[in-house]
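Residues in the sequence shown are numbered consecutively from 13, following this note's numbering.
Where is the CB? At the ideal position from N, CA and C, for every residue including glycine.
Comments concern the structure below.
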Amino acid sequence: MIRYMAIVTIASLLSLAGCGSGDTVRKFHVSGNVTFKGSPVPSGTIIFDPDRASGNSAPQGVAEIIDGKFDTSKGEGVVGGAYQVIINGFNGKPDVTNESSEIKPLFPENKRKVDLPQKTTTMDFDIP
């Protein structure tokens, strides 16, 4: 559970990078589904990390995965272009009333490159 909370906290902090008062970048939202072996991922995070090597200097996009669904409109959107998507999925949600409940990763951190349009879009990810 501590690792899960640490990942969520880090993802939240990273999403704030570049979000100063002068931030006028137009952001678009990405939503979709995340499945593992064909089943919805119960909880996790999805990070859209700009591919700096491709010249994308935009801020990161971040969303929480809940019951296999994500939507950056509830997190941080993207500007489009080349991104590395980083997906972390867990076997459940933390139970704050039960300290002995253990949240475990479903799979090793999954990374893949995508090219996002400069518009709101949907995109699904299946982790084999």
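**Request:** Determine the direct distance from the alpha carbon of Asn68 to that of Pro52, and round the result to whole angstroms.
**Result:** 30 Å
**Message:** So, for Phe137: in the same chain, excluding its five sequence neighbours on each side, which residues have a beta-carbon less than 8 Å away from its beta-carbon?
**Reply:** Excluding sequence positions up to five before and after Phe137, its CB lies within less than 8 Å of the CB of Gly44, Asn45, Val46, Thr47, Ile58, Val97, Ile99, Asn122, Arg124, all in the same chain and listed in chain order.
**Item:** Nearest to Glu88 (by Cα), restricted to the options Lys116, Asp61, Lys49
**Value:** Asp61
**Asked** Which of helix, strand or coil does DSSP assign to Lys86?
**Response** helix
**Prompt:** Do you know offhand how far Ser33's Cα is from Lys39's?
**Reply:** Note on Ser33: pLDDT 43, under 50, position unreliable in the model; no value is reported.
**Prompt:** What is the DSSP secondary structure of Ser66, counted as helix, strand or coil?
**Reply:** Here DSSP, grouped into helix, strand and coil, assigns Ser66 to helix.
**Message:** Less than 9 Å between the beta carbons of Val91 and Gln130, yes or no?
**Reply:** yes
**Asked** DSSP state of Gly73, grouped into three classes?
**Response** strand
**Prompt:** Among Val37, Arg64, Ser55, Gly93, which has the Cα closest to the Cα of Pro117?
**Reply:** Ser55
**Message:** For Gly101, count the other beta carbons within 10 Å of its own beta carbon; 16 or more makes it buried, fewer makes it exposed. Which is it?
**Reply:** buried
**Request:** Excluding the 5 residues preceding and the 5 following Phe104 in the sequence, name in chain order all residues of the same chain whose CB lies nearer than 8 Å to its CB.
**Result:** Checking the sequence shown, residue 104 turns out to be Gly, not Phe. Same-chain partners within the cutoff: Pro54, Ser55, Ser113, Ile115.
**Request:** Determine the direct distance from the alpha carbon of Ala70 to that of Ile78, and round the result to whole angstroms.
**Result:** 25 Å
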